[in-house]
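In my numbering, the protein residues as written are 1352 to 1894. Notes to accompany the following structure.
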């Protein structure tokens, strides 16, 4: 079959291709979809051999790749013989990735006998075939790609600035929140479903598995997040959406830190505008804005859930109820988790914990450290009640009040020292400036000036280091005091409780160490907080 590009008087079945990216929408009006169509129609009307048979439009799609629905459909129809000519307003509408653009224009389309016309640049593969072989098209495509690179850099910088300013710029809003109608960059609580989020966290802290939770949600006929968003018109999809909750739905909610009121963004990035695959970033590179919006759960609830998620192993299929201590029992010798087994004595079933290392490799590697679950539960409950009694003691409460007063006094003392060091730093800078003026006037020799300047620089560096240390100490004292208060609240809210619950263990215990001879050591959360505070108080006294 003869190639259409070499036939005289060929009648062309042409299609117009229009594209507009989101970045282009705020730019020139001439790039609008309507204007592109007008220009293509006007051009086709001037040539009687060109018959427009249709238009294909990708609105809101970048030109840096060709994975666009209308472009793909257009190429499929051309392959099926429904058209043999493509017309675009300008070359950038076809694409902004110069390698793919050049390959398409110089190789793919000519091989298939497809005529290509870019009106603005006066490119026409049928009328001016010689222009297709030179450097003009590659140069033009490189220029268009450089625009895409520049736009990508500006977009990244703009998003980074907005995230740093605490503005919400992520595409998808977490379930339980919605965008503020008056400010799209601000999250507000969606009270219609926020209680579901809180319930999911509470259920998990009470010992329910993720599978238990999503089954409960489905039994209650609560719409899953996507189905809810579609119902509210916040998400659009052509496919039918299942109303059922899944493991992924619940797991995503349990891992979303945004529910604490802190805005967490920038967790992933891409290598460049050409590579669309997302790359996970380490936490220190995330954009986190504290107290950016109203929280649904507390920071402590989130932290407890993360600890539980990390400690929890894949559940085994069993009819036995999970232990309230699951994930917290640790062998004191090898540091491995203790595993739970059942034993029958006298017709009664007992639950025991033993060292996982011993069970797997034998007692030559590590002792079994067998301990009854009931015994550990009794010990833990006794220790919790003992802590509560201690906290309720009048003398201890007075000590707590004294700790608050000492905290305030310590912060004031550190702030005073910081102000003095800032003043010293300012004085050093002034003296260094005066020293330079004296040197220029001939008051000092060069060697004297350099020695004195070096001394001022060392003094400035010492002042800066001390300011940094004082700032850290001020934040640490305040943080420790808040942790101590939370520690007291956590214990006091379980006053008079006679049964150990999963939520009590998760809230208050870091781990339970089982030593040889079945000695039990309970490591409570925050138990070292007061000692750290006391160390800072003591350092204040020495100063």
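Note that beta-carbon positions come from the ideal geometry of N, C-alpha and C, so glycine has one too.
With 16 other CB atoms within 10 Å as the buried threshold, where does residue 1749 fall? With a pLDDT of 42 at residue 1749, under the threshold of 50, the predicted position of this residue should be treated as unreliable, and no value is reported.
Check each candidate in 1616, 1595, 1657 and name the one with the smallest Cα separation from residue 1643. 1616
Let me make sure I understand the geometry here. Which of 1824, 1716, 1645 has the alpha-carbon closest to that of residue 1686? 1716
C-alpha distance - residue 1476 paired with residue 1391, whole-angstrom precision: 16 Å
At the level of alpha carbons, what is the spacing between residue 1760 and residue 1771? 17 Å
Contact between the region 1512-1522 and the region 1535-1544 (3+ Cβ pairs under 8 Å): yes
Helix, strand or coil at residue 1693 [DSSP, three-state]: strand
Run the CB neighbour count on residue 1379, radius 10 Å, all protein chains shown included, and call it buried at 16 or more, exposed below. With a pLDDT of 49 at residue 1379, under the threshold of 50, the modelled position of this residue cannot be trusted; read the value that follows with caution. So residue 1379 ends up on the exposed side.
Touching by the beta-carbon criterion (3+ pairs, under 8 Å), the region 1392-1402 and the region 1426-1433: no
Can you give me the Cβ contacts of residue 1752 inside the same chain, cut-off strictly under 7 Å, excluding the 5 residues immediately before and after it? Interpretation of residue 1752 is limited by its pLDDT of 48, a score under 50 that renders its predicted location unreliable; the figure taken from the coordinates is listed afterwards. Once the five neighbours on either side are set aside, residue 1752 has no close Cβ partner at all.
Count the other CB atoms, across all protein chains shown, that sit within 10 Å of the CB of residue 1444; report buried if there are 16 or more and exposed otherwise. buried
What's the call for residue 1682, buried or exposed, on a 16-neighbour Cβ count within 10 Å? buried
Across the region 1866-1876 and the region 1578-1595, are there enough close Cβ pairs to call them in contact, namely three or more that are closer than 8 Å? no
The region 1820-1833 / the region 1761-1769 touching (three or more Cβ pairs under 8 Å): yes
Say whether the region 1442-1457 touches the region 1353-1362, bearing in mind that this needs 3 or more beta-carbon pairs closer than 8 Å, one atom from each stretch. no
DSSP three-state assignment for residue 1433, whether helix, strand or coil: coil
Using the Cα positions of residue 1745 and residue 1601, report the straight-line distance between them to the nearest angstrom. Because residue 1745 carries a pLDDT of 42, less than 50, the predicted location of this residue cannot be relied on, and the following value inherits that uncertainty. Looking at the two C-alpha atoms, the distance is approximately 44 Å.
Identify, in the order they occur along the chain, each residue of the same chain with its Cβ nearer than 6 Å to the Cβ of residue 1722, setting aside the five sequence neighbours on each side. 1704, 1865, 1869
Apart from the five residues just before and just after residue 1803, which ones in its own chain have a Cβ nearer than 8 Å to its Cβ? 1786, 1795
Please classify residue 1668 as buried or exposed, where buried requires at least 16 neighbouring CB atoms within 10 angstroms. Its pLDDT being 47, under 50, residue 1668 is placed unreliably by the model, and nothing is read from it.
Taking the CB atoms as reference points, tell me whether residue 1613 and residue 1648 lie closer together than 8 Å. no
If you compare alpha carbons, which of 1821, 1801, 1779, 1737 is closest to residue 1811? 1779
Can you give me the C-alpha to C-alpha distance between residue 1454 and residue 1460, rounded to a whole angstrom? 9 Å
How many angstroms separate the CA atom of residue 1655 from the CA atom of residue 1695? 34 Å
Where does residue 1745 sit, in a helix, a strand or coil, going by DSSP? Residue placement at residue 1745 is poorly supported in this model, since its pLDDT is 42, which falls under 50; the coordinates still yield a value, given next. Here residue 1745 sits in helix by DSSP.
According to DSSP, residue 1528 sits in a beta bridge with which residue or residues? 1540
If I'm right that residue 1468 touches residue 1474 with Cβ under 8 Å, what's the distance once you round it to whole angstroms? 7 Å
Rounded to whole angstroms, how far is the Cβ of residue 1904 from the Cβ of residue 1854, which I believe are closer than 8 Å? Outside the displayed span of the chain (1352 to 1894) sits residue 1904, for which this structure offers no information.
Could you pull the start and end residues of the alpha helix (DSSP H) that residue 1550 belongs to? 1545-1556
Distance between beta carbons of residue 1860 and residue 1727, contact taken as under 8 Å: Not a contact, Cβ separation roughly 11 Å.
Determine the extent of the beta strand (DSSP E) in which residue 1563 is found, giving its start and end residues. Per DSSP, residue 1563 belongs to no beta strand (DSSP E); it is in the alpha helix (DSSP H), 1561-1570.
For the alpha helix (DSSP H) that contains residue 1707, what are its first and last residues? 1707-1712
Residue 1586 - partner residues in DSSP beta bridges: Residue 1586 is not bridged to any residue.
What does the alpha-carbon distance come out to for the pair residue 1547 and residue 1634? 27 Å
Would you call the CB atoms of residue 1417 and residue 1457 closer than 8 Å? no
Could you say which of 1406, 1588, 1590, 1555 lies nearest to residue 1606 if we only look at CA atoms? 1555
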